[in-house]
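Below: one structure, written as structure tokens.
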Amino acid sequence: MSEYDVLIVGGGPGGYVAAIRAAQLGLKTALVEREHLGGICLNWGCIPAKALLRSADVFRLARDAAMFGISGIAPQPDIGAIVRRSREVSGKLAAGVGFLMKKNAIDVIWGEATLVAPGEVEVTPTKRPVVAPQTPPPKGVLAPGRYRAKNIILATGARPRVLPGLKPDGRLIWTYFEALKPEVLPKSLLVVGAGAIGVEFSSFYRTLGVEVTLVEAAPRILPVEDEEIAALALRAFKAQGIVIHTGARIDSLAKKPDSVAATVKLVDGSTQTIETERVLSAAGVVANVEGLGLEALGVKIEGGVIAVDPLGRTNVAGVLAIGDVAGGPMLAHKAEHEGVACVEAIARLPAHGLDRSRIPGCTYCHPQIASVGLTEAAAKAAGREVKIGRFPMRANGKALATGEPDGLVKTIFDAHSGRLLGAHLIGAEATELIAGFLVAMTLETTEEELMCTIFPHPTLSETLHESVLSAFGRAIHA
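Following the numbering used here, the numbering of the sequence shown begins with 1019 at its first residue and continues without gaps.
Right, here's the structure in full:
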């Protein structure tokens, strides 16, 4: 029986990053994966979705080329070519993960893992149907069997949540798997759920000309975002022609040969029948905790996820968990950070556990949305006295020049200490700009240091500076 210092179950962003860091630290490491290296993120989530959205951005620019003085362009989306490009991007990255496993001398074991005893894992051939042709395993892959490890890290990820009465069938009712690879563009699409997944797909399909209706049970779209940012997003989406119902739920679905009639209960108690060619269930994800043998070992599960401390340790010695299976926010970068912290704690390096107040959230719709830290409402609910800075994108020269003048940068500071409590952005390249505030928070930069920083001109980053200045009554251009 092979024995390892670290054995990781799951080859997604959390798992493969943890494996690489373990190998760097000289730990004998193995990775068990049942389907494809890179996990959902690289193969059926973050990466292919962003490739699709980039195609939508290019289409939008070509469609609106006249505003830039370019005439004679009449673009048409080729959904087959768009999907092929997204799959190629994913394929390159998945192959890259295989290369990294080989480069770092990490043993890859192909199959499904079950914890059968303390420090022991049984790997059996994958039984469940895969959603795509299995990624070819890297050379040197080990056969299923029983393996021992001093530390077992569970990084099994999550899967789409299935709502009652909204069970996906792969044809009329989609999950994000089907939404990522449509054979043809539907004429109409009903999206259920206005979190990041639902909003991104609504943006993609609407840009390509699909009639999109978005239904959200919460009182507003993007419920985890700052209310002011969510309101701006709502206005932008409606201007694009997306029909939005908040405080609404699906009462029933009736399938037809090539469409679905949904009875929607609206916020005022009335009902409306909406018929669309396809329905996308985008109501979040649930952790993959089943079939791992956790109950037999006594591993604690709370709220559908594995209970862990900030360094990924469960209540059972030698069993750890990271990423989606260890709770939200269910984001790839959170999983990667947890993987590194978890492994470094195993190696007895100085601990740097997960600080949930510094996990950024990014939504790659149009306009882009990004945030970190407390919303204005949360800061006030916590009893904080705050200073709020706001700077509109349309007052920024680069935003005007690039043709994306709509948006806002909002900053929230503690009025007494000057500590940056939260930052919330909507507009051009918001998902790139948010990193500036992350660095500031990590370094515990003061408001004075931010105000004294020289930002390059003309750039979108100047909006960050102006928002900070605004919080303290010193904005120059607004």
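Cβ atoms here follow ideal geometry from the backbone N, Cα and C, with glycine treated the same way.
Quiz item: Residue ranges of each alpha helix (DSSP H) run of no fewer than 4 residues wholly in the segment 1207-1233, ordered along the chain?
Solution: Within the segment 1207-1233, the complete alpha helix (DSSP H) runs of at least 4 residues are 1214-1225.
Exercise. Give me the Cβ distance between V1425 and M1085, rounded to the nearest whole Å; I'm assuming they're in contact under 8 Å.
Key: Note that residue 1425 is Gly in the sequence shown here, rather than Val. That pair is no contact at about 17 Å.
Quiz item: For K1157, which three-state DSSP category applies?
Solution: In this predicted model, K1157 has a pLDDT of only 49, less than 50, meaning its place in the structure is not dependable; the value taken from the coordinates is given anyway. Here K1157 sits in coil by DSSP.
Quiz item: Are S1104 and L1226 closer than 8 Å when you measure CB to CB?
Solution: Against a cut-off of 8 Å, the Cβ pair of L1226 and S1104 comes out as no contact.
Quiz item: Count the other CB atoms within 10 Å of the CB of L1367; is the residue buried (16 or more) or exposed (fewer)?
Solution: exposed
Quiz item: Should R1296 and W1192 be called a contact, given that it needs their Cβ atoms to be closer than 8 Å?
Solution: yes
Quiz item: From L1298 to A1173, what distance separates their C-alpha atoms?
Solution: 27 Å
Practice problem: Answer yes if the segment 1280-1294 comes into contact with the segment 1242-1259, meaning at least three C-beta pairs across the two stretches below 8 Å, and no otherwise. | Solution: no
Self-check item: Cα-Cα separation between E1196 and H1475, rounded to whole angstroms
Solution: 43 Å
Quiz item: Excluding five sequence neighbours on each side, which residues of the same chain lie with their C-beta closer than 7 Å to the C-beta of Q1152?
Solution: Reliability fails at Q1152, whose pLDDT of 45 lies under 50, so the model's placement of it is uncertain and no value is given.
Quiz prompt | Exposure label - P1143; buried when at least 16 CB within 10 Å | solution = Exposed: under 16 other Cβ atoms inside 10 Å.
Quiz item: If you scan the segment 1273-1307 from start to end, which runs of the beta strand (DSSP E) of 3 or more residues do you find wholly inside it?
Solution: Unbroken beta strand (DSSP E) stretches of 3 residues or longer found wholly inside the segment 1273-1307: 1277-1283, 1289-1294, 1296-1299 and 1303-1305, given in chain order.
Quiz item: Is A1167 closer than 8 Å to E1354 when the C-beta atoms are compared?
Solution: no
Quiz item: Is it buried or exposed for N1169, if we count other Cβ within 10 angstroms and need 16 for buried?
Solution: buried
Practice problem: In angstroms with no decimal places, state the Cα-to-Cα distance between V1076 and I1026. | Solution: 39 Å
Self-check item: Validate contact between the segment 1381-1392 and the segment 1441-1452 using beta carbons, cut 8 Å, 3 pairs
Solution: Taking a contact to require three or more Cβ pairs closer than 8 Å, the segment 1381-1392 and the segment 1441-1452 qualify as touching.
Exercise. Look at L1240 and Y1223 and say whether their C-beta atoms are less than 8 Å apart.
Key: no
Exercise. List the endpoints of the continuous alpha helix (DSSP H) containing F1455.
Key: Where F1455 is concerned, the enclosing alpha helix (DSSP H) starts and stops at A1448 to T1460.
Practice problem: Tell me the start and end of each unbroken alpha helix (DSSP H) in the segment 1057-1095 that is at least 4 residues and wholly inside, in chain order. | Solution: 1057-1062 and 1064-1081
Practice problem: Report yes or no: do the segment 1120-1127 and the segment 1057-1072 share at least 3 C-beta pairs separated by less than 8 Å? | Solution: With a cut-off of 8 Å, the segment 1057-1072 and the segment 1120-1127 do not count as touching, because too few Cβ pairs lie within range.
Practice problem: Would you mind reading off the limits of the beta strand (DSSP E) that contains A1526? | Solution: Outside the shown range of the chain (1019 to 1496) lies residue 1526, about which nothing can therefore be said.
Practice problem: Spell out the partners DSSP gives Y1022 in its beta bridges. | Solution: A1167
Quiz item: Alpha carbon to alpha carbon, what distance is there between L1338 and F1117?
Solution: One C-alpha to the other measures close to 26 Å.
Self-check item: Residue from A1041, L1060, K1046 and R1039 with nearest C-alpha to P1031
Solution: L1060
Exercise. Would you list the residues sitting across from F1195 in a DSSP beta bridge?
Key: The partner list for F1195 (beta bridge, DSSP) is empty, contrary to what the question assumes.
Exercise. Give me the Cβ distance between G1436 and E1466, rounded to the nearest whole Å; I'm assuming they're in contact under 8 Å.
Key: 7 Å
Quiz item: Can you tell which of R1267, A1369, P1136 and G1371 has the C-alpha that lies nearest to the C-alpha of E1313?
Solution: For E1313, the nearest C-alpha among the options comes from P1136.
Quiz item: How about V1486 and T1429: are their beta carbons less than 8 Å apart?
Solution: yes
Quiz prompt | N-terminal and C-terminal residue of the alpha helix (DSSP H) that P1031 is part of | solution = Per DSSP, the unbroken alpha helix (DSSP H) holding P1031 starts and ends at P1031 to Q1042.
Exercise. Per DSSP, which residues does R1402 bridge with? Please list them.
Key: DSSP output for R1402 lists no bridge partner at all.
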